[in-house]
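Have a look at the structure below, then the notes.
Residue numbers (the working numbering): 1 to 193.
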């Protein structure tokens, strides 16, 4: 076997493995609620998820929608991606079997994940078969009323450190920008002179 052939095969293998490794780190899966989940008004209902580590998602927003009716319920904004669970307590949310959760960045409109459809039951419903209990130690968000996209988020978590705010490390970038701008002005003046 020639060395060039061996190098070509090794290069191809490295490219394939690199693509697979990059793809494997970019996933976002909602584990709970499932298709069989039955959420009840008046109690905290668990939401759990699993996501990749190197996907660049620091925080996300949680929204709840229905398939049969127009409307969106804004549940939580800036949920930290480091957590893996959240409890959502429903109060006077209309019953239905066509609810689903959306995990997204609402600023940019990027959708990260959607849950399967699940059922919301009226308070004290006797037909509940799913007995999922709230997750201890997880934040609890209270959502009330019918879907209404003009209502603000029920809860807003704190911003991620250095997410949007400038930090000391950006002073060098400001000086670089000022230097480039000054260079452009000097070049323009020199050209016109």
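Ideal Cβ placement from N, Cα and C applies to all residues, glycine included. Values in this document were obtained by computation on a predicted structure and should not be read as measured data.
Separation of residue j from residue i, as counted between CA atoms
| i | j | result |
| --- | --- | --- |
| residue 24 | residue 126 | Unreliable positioning characterises residue 24 in this predicted model, as indicated by a pLDDT of 46, which lies under 50. The coordinate reading is nonetheless provided below. One C-alpha to the other measures close to 42 angstroms. |
| residue 181 | residue 190 | 14 angstroms |
| residue 136 | residue 177 | 49 angstroms |
| residue 84 | residue 50 | 6 angstroms |
| residue 42 | residue 141 | 12 angstroms |
| residue 61 | residue 93 | 19 angstroms |
| residue 2 | residue 54 | 38 angstroms |
| residue 87 | residue 173 | 41 angstroms |
| residue 156 | residue 52 | 23 angstroms |
| residue 107 | residue 35 | 28 angstroms |
| residue 147 | residue 122 | 15 angstroms |
| residue 72 | residue 33 | 17 angstroms |
| residue 175 | residue 46 | 48 angstroms |
| residue 194 | residue 153 | Since the displayed the chain opens at 1 and closes at 193, residue 194 lies outside it and no answer follows. |
| residue 193 | residue 187 | 10 angstroms |
| residue 70 | residue 96 | 13 angstroms |
| residue 185 | residue 179 | 10 angstroms |
| residue 57 | residue 112 | 9 angstroms |
Minimum C-alpha distance to residue i - residue among the options
| i | options | result |
| --- | --- | --- |
| residue 98 | 73, 84, 116 | 116 |
| residue 38 | 154, 173, 90, 57 | 90 |
| residue 82 | 66, 28, 143, 73 | 28 |
| residue 44 | 143, 154, 147, 178 | 143 |
| residue 48 | 176, 110, 30 | 30 |
| residue 150 | 67, 58, 74 | 74 |
| residue 68 | 118, 85, 138 | 118 |
| residue 79 | 53, 63, 183 | 63 |
| residue 114 | 153, 184, 66 | 66 |
| residue 159 | 95, 186, 175, 77 | 77 |
| residue 110 | 59, 139, 138 | 59 |
| residue 40 | 183, 145, 124 | 124 |
Interface flag, residue i vs chain D, CB-CB below 9 angstroms
| i | result |
| --- | --- |
| residue 77 | The chain inventory of the structure shown lacks chain D, comprising one protein chain alone. |
Q. How about the stretch 128-144 and the stretch 100-115: do they share at least three Cβ pairs that are nearer than 8 angstroms?
A. no
Q.
I'd like the ranges of any beta strand (DSSP E) spanning at least 3 consecutive residues and lying wholly in the stretch 112-159.
A. 118-121, 140-144
Q) Hey, which unbroken runs of the beta strand (DSSP E) at 3 residues or more fall wholly within the stretch 37-118? A) 38-40, 44-51, 59-66, 72-80, 85-91, 96-105, 110-114
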